[in-house]
Amino acid sequence: MVLLSPIERATRLLSASSYPTHGDVRFVFLGIQEHLSRYINDESFSQHIVADAIYQKLSNYWPIMSESSQISSLLDPRVKFSAFEDEIEKTNAKNLILNLAGYAFSLSPLPAETTPGNNIIETQSFFRNLRNNTVTLNSLENTNSSASRTLDNEMERYLAIPLEDQVDPLLWWQVRQEEFPILSRIAQDYLCIQATSVASEQAFSVAGLTISPLRNRLDAETARVTLCLKSWIREAIC
5 MVLLSPIERA TRLLSASSYP THGDVRFVFL GIQEHLSRYI NDESFSQHIV ADAIYQKLSN
65 YWPIMSESSQ ISSLLDPRVK FSAFEDEIEK TNAKNLILNL AGYAFSLSPL PAETTPGNNI
125 IETQSFFRNL RNNTVTLNSL ENTNSSASRT LDNEMERYLA IPLEDQVDPL LWWQVRQEEF
185 PILSRIAQDY LCIQATSVAS EQAFSVAGLT ISPLRNRLDA ETARVTLCLK SWIREAIC
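Dropping the structure here:
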């Protein structure tokens, strides 16, 4: 059916593809709404009432989806501003990311080579300085201000890059983490959020076949290794 074709394709994208993101969810919702709107007022189309009912149902969910997907959509190099309808939405999404300057500073990239011992020493020194009042509120404010300027600069350079369709978003940011040290850390945090619960439900389903009522005393490590091997075999990794 012409009316339901985009919904079927959306289901395959969000539930069966290897890596859907919240950016995909926003893009898909907008596409389906646009598709349905073409048939709602077309009385010559036999299913225009069905189209209107589906459109209204999606509209009820849209405010929730819109609010939760703005940052992920903008930081998806395949989507960016293409999933936003007007300049107000674009500005709001951009400001949401720029307001993460303080959070971004806490996620500043780690040195290329670190050791557990060095990390412990650095952390101890940081709290020792706090104890001695050498890290003042003013210095923290200056640091956040600097992080905000850096993030703003990274955002402008990122948005100037054309959309790239045939990429894995996380790998894209991993390759460019030296070019966008702060923005890449934010992107990796947001883009790892699953678009749907299908992947986790599949994992539980597979685990249910492995740890069954008749085989319920497997050691935790044995179960973990078995599920890992199943995944590797399914993906032809081994």
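The numbers in this note's numbering rise by one with no breaks, and the one at position 85 of the sequence shown is 89.
Cβ atoms here follow ideal geometry from the backbone N, Cα and C, with glycine treated the same way.
A quick note: this is a predicted structure, and the numbers were derived from the prediction, not measured.
Am I right that residue i and residue j are in contact with their C-beta atoms under 8 Å? What's the rounded C-beta distance?
| i | j | result |
| --- | --- | --- |
| LEU62 | ILE36 | 6 Å |
| ARG82 | PRO173 | 7 Å |
| SER73 | GLY27 | 7 Å |
| LEU100 | ILE75 | 5 Å |
| LYS84 | LEU167 | 6 Å |
Would you call residue i buried or exposed, if buried means 16 or more other Cβ atoms sit within 10 Å of its Cβ?
| i | result |
| --- | --- |
| PHE208 | exposed |
| GLY212 | exposed |
| ILE190 | buried |
| ASP80 | buried |
| MET5 | exposed |
| GLU225 | exposed |
| ALA199 | buried |
| SER77 | buried |
| LEU175 | exposed |
| LEU163 | exposed |
Got a sec? Which residues, its chain only, sit under 6 Å from residue i by beta carbon, not counting five neighbours each side?
| i | result |
| --- | --- |
| ILE237 | none |
| ARG219 | none |
| GLN181 | SER188 |
Using a Cβ-Cβ cut-off of 7 Å (strictly less than) and excluding sequence neighbours within five positions of residue i, which residues of its own chain qualify?
| i | result |
| --- | --- |
| ASP156 | LEU102 |
| ALA14 | VAL32, ILE36 |
| LEU34 | ALA87 |
| VAL210 | LEU231, LYS234 |
| PRO10 | GLY35, ILE36, HIS39 |
| ASP169 | ARG82 |
| GLU158 | PHE184, ILE186, LEU187 |
| GLN192 | LEU174, TRP177 |
| LEU104 | ILE190 |
| ILE92 | none |
By Cβ distance, which residues of its chain are closer than 8 Å to residue i, with the 5 residues on each side in sequence left out?
| i | result |
| --- | --- |
| HIS52 | TYR43, ILE44, ASN45, ASP46 |
| THR214 | LEU222, ALA227, THR230, LEU231, LYS234 |
| MET197 | The question names Met, but residue 197 in the sequence shown is Ile. So the qualifying residues of the chain are THR25, HIS26, SER76. |
| ARG161 | GLU183, PHE184 |
| GLU89 | LEU34 |
Exercise for the section: Count the C-beta pairs between the segment 178-192 and the segment 66-74 that are closer than 8 Å, then say yes if the count reaches three, no if not. Expected result: Segment contact: the segment 178-192 against the segment 66-74, fewer than three CB-CB distances shorter than 8 Å; contact not assigned.
Problem - the segment 88-106 touching the segment 48-62, judged by at least three CB pairs closer than 8 Å - result: Taking 8 Å as the limit for Cβ pairs, the verdict is that the segment 48-62 does not touch the segment 88-106.
Exercise for the section: Within the segment 145-179, note down every full alpha helix (DSSP H) run reaching 4 residues or more, in order along the chain. Expected result: Correct list: 173-179.
Exercise for the section: Jot down the residue ranges of each uninterrupted alpha helix (DSSP H) in the segment 46-98, minimum 4 residues, whole runs only, in chain order. Expected result: 52-78
Exercise for the section: Could you pull out every unbroken beta strand (DSSP E) segment of at least 3 residues lying fully inside the segment 191-236, listed in chain order? Expected result: none
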